[in-house]
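Visitor: In terms of the UniProt record's numbering, the sequence shown has 23 at position 23, counting the first letter as 1, and numbering is strictly consecutive.
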Amino acid sequence: MAEAEKSPGKTSIQVIERMMTLLDALAQHADPVSLKELSLATGLHPSTAHRILNDMVACRFVDRSDPGSYRLGMRLLELGNLVKARLSVRDAALAPMRALHRVTGQTVNLSVRQGDEIVYIERAYSERSGMQVVRAIGGRAPLHLTSVGKLFLAADEAVRVRSYATRTGLAGHTRTSITDLTKLERELNWVRTNGYARDNEELELGVRCIAAGIYDDSRRLVAGLSLSAPADRLQDSWLQNLKDTALQISRGMGYATDATGAGHGSPLSHHGSHGTAHSA
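#1: Spatial neighbours of S69 within its chain, please: CB distance less than 7 Å, with the 5 preceding and 5 following residues excluded, ordered by chain position.
#2: Tell me whether the stretch 226-243 and the stretch 189-209 touch, counting them as touching only if at least three CB pairs, one residue from each stretch, are closer than 8 Å.
#3: Out of D66, E17, Q28 and F61, point me to the one whose CA is closest to L44's CA.
#4: Using the Cβ count rule (16 or more neighbours within 10 Å means buried), how would you classify L170?
#5: Tell me whether V84 is buried or exposed, calling it buried when 16 or more other Cβ atoms sit within 10 Å of its Cβ.
#6: Report the start-end ranges of each alpha helix (DSSP H) in the stretch 149-197 that is 4 residues or longer and not cut off at the edges.
#7: Quick check on P96: buried or exposed, where buried means 16 or more other Cβ atoms within 10 Å of its Cβ?
#8: What are the start and end residues of the beta strand (DSSP E) that includes E117?
#9: According to DSSP, which residues form a beta bridge with P46?
#10: What residue range is occupied by the uninterrupted alpha helix (DSSP H) comprising S250?
#11: In the structure shown, what three-state DSSP assignment does A231 receive?
#12: Quick check for students: name the residue ranges of the beta strand (DSSP E) that lie wholly in the stretch 48-121, counting only runs of 3 or more.
#13: Round the Cβ separation of V222 and V108 to the nearest angstrom and send it over; I've been treating them as touching at under 8 Å.
#14: For the stretch 161-175 against the stretch 231-242, do three or more pairs of beta-carbon atoms, one drawn from each stretch, fall closer than 8 Å, so that the two count as touching?
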């Protein structure tokens, strides 16, 4: 049955309901679905369905495979993966993060990757940390300007790093930001060698960060744990605390350890790698 036409003043809630009806209809099919089929399945007038589908194509919620045929878009997968990461990693990380904060007195952030940015999904923080800049949960930052972002870039193949540089232009925020591809590649090699990443006032002046990766049972990098401090207060001794905490969270995600409890190693390097938090 075709829908009854609504007045021009239909609410945004009605539009969202129609979007969800179309998405649910698309979810029932593995192959692309024609506009006619979607109109019949949802009861929406073809012109209404076409208009909403075009809007969802523009936002990547829907892909137009052929003229007049549609399927679910990759944006839904990206958002679903982000929600999955938030739920599972956050549960495993929260208590260890708070413990690390108690030891260091500094801000501890948990972040995941979404596209060309990291998203902050949890933090342990108090006023005594002395931080002038505290990233809000849900906040975003470019990969190449953050310690956690560099972990994810270091896990990428070289061609993907070059593609990232082309897409973003490696825009900088401060005078110490890495804005050159050659320098970024050199920094990522350093990350792979040392098994952790650093941010030397590259996102915010006066703030330095170090980050260690969090891995799941398939040894996949799913998140990064970072410790942020005023630039003159970041201590080398905190690096091992950070790595130990990241390993503890990884174990909670099913990351394999041997009989002694030591990690089998990460895709970047083993957890016992050396290096100092203050290396520039």
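Beta carbons are placed, not taken as given, at the ideal position from N, Cα and C, and that holds for glycine.
Guide: On the basis of the data shown:
#1: Reading the sequence shown from its first residue, position 69 is the one you call residue 69. Excluding sequence neighbours, S69 sits near P32, V33 and S34.
#2: These segments touch.
#3: The sequence position of residue 44 within the sequence shown is 44, counting from 1. Between L44 and the set D66, E17, Q28 and F61, the nearest pair of CA atoms involves E17.
#4: Stepping through the sequence shown from its first residue, residue 170 is reached at position 170. Buried is the label assigned to L170, since at least 16 other Cβ atoms lie within 10 Å of its Cβ.
#5: Taking the sequence shown and counting its residues from 1, one reaches residue 84 at position 84. Before going further, note that residue 84 is Lys rather than Val in the sequence given. The residue in question, K84, is exposed, as its Cβ has fewer than 16 Cβ neighbours within 10 Å.
#6: Fully enclosed alpha helix (DSSP H) runs of 4 or longer: 158-168 and 181-194.
#7: Locating residue 96 in the sequence shown gives position 96, where the first residue counts as 1. The C-beta of P96 has 16 or more other C-beta atoms within 10 Å across all chains shown, which makes the residue buried.
#8: Position 117 of the sequence shown, counted from the start, is the residue given in the question as residue 117. For E117, the enclosing beta strand (DSSP E) begins and ends at E117 to A124.
#9: Taking the first residue of the sequence shown as position 1, residue 46 is located at position 46. Under DSSP, P46 takes part in no beta bridge, so it has no partner.
#10: Within the sequence shown, numbered from 1, the residue matching residue 250 stands at position 250. Per DSSP, S250 belongs to the alpha helix (DSSP H) from W238 to G252.
#11: Stepping through the sequence shown from its first residue, residue 231 is reached at position 231. Coil, per DSSP.
#12: The qualifying runs are 62-66, 69-72 and 107-114.
#13: Counted from its first residue, the sequence shown places residue 222 at position 222. Counted from its first residue, the sequence shown places residue 108 at position 108. Actually they are not in contact, since the Cβ atoms of V222 and V108 sit about 17 Å apart, beyond 8 Å.
#14: No, they do not touch.
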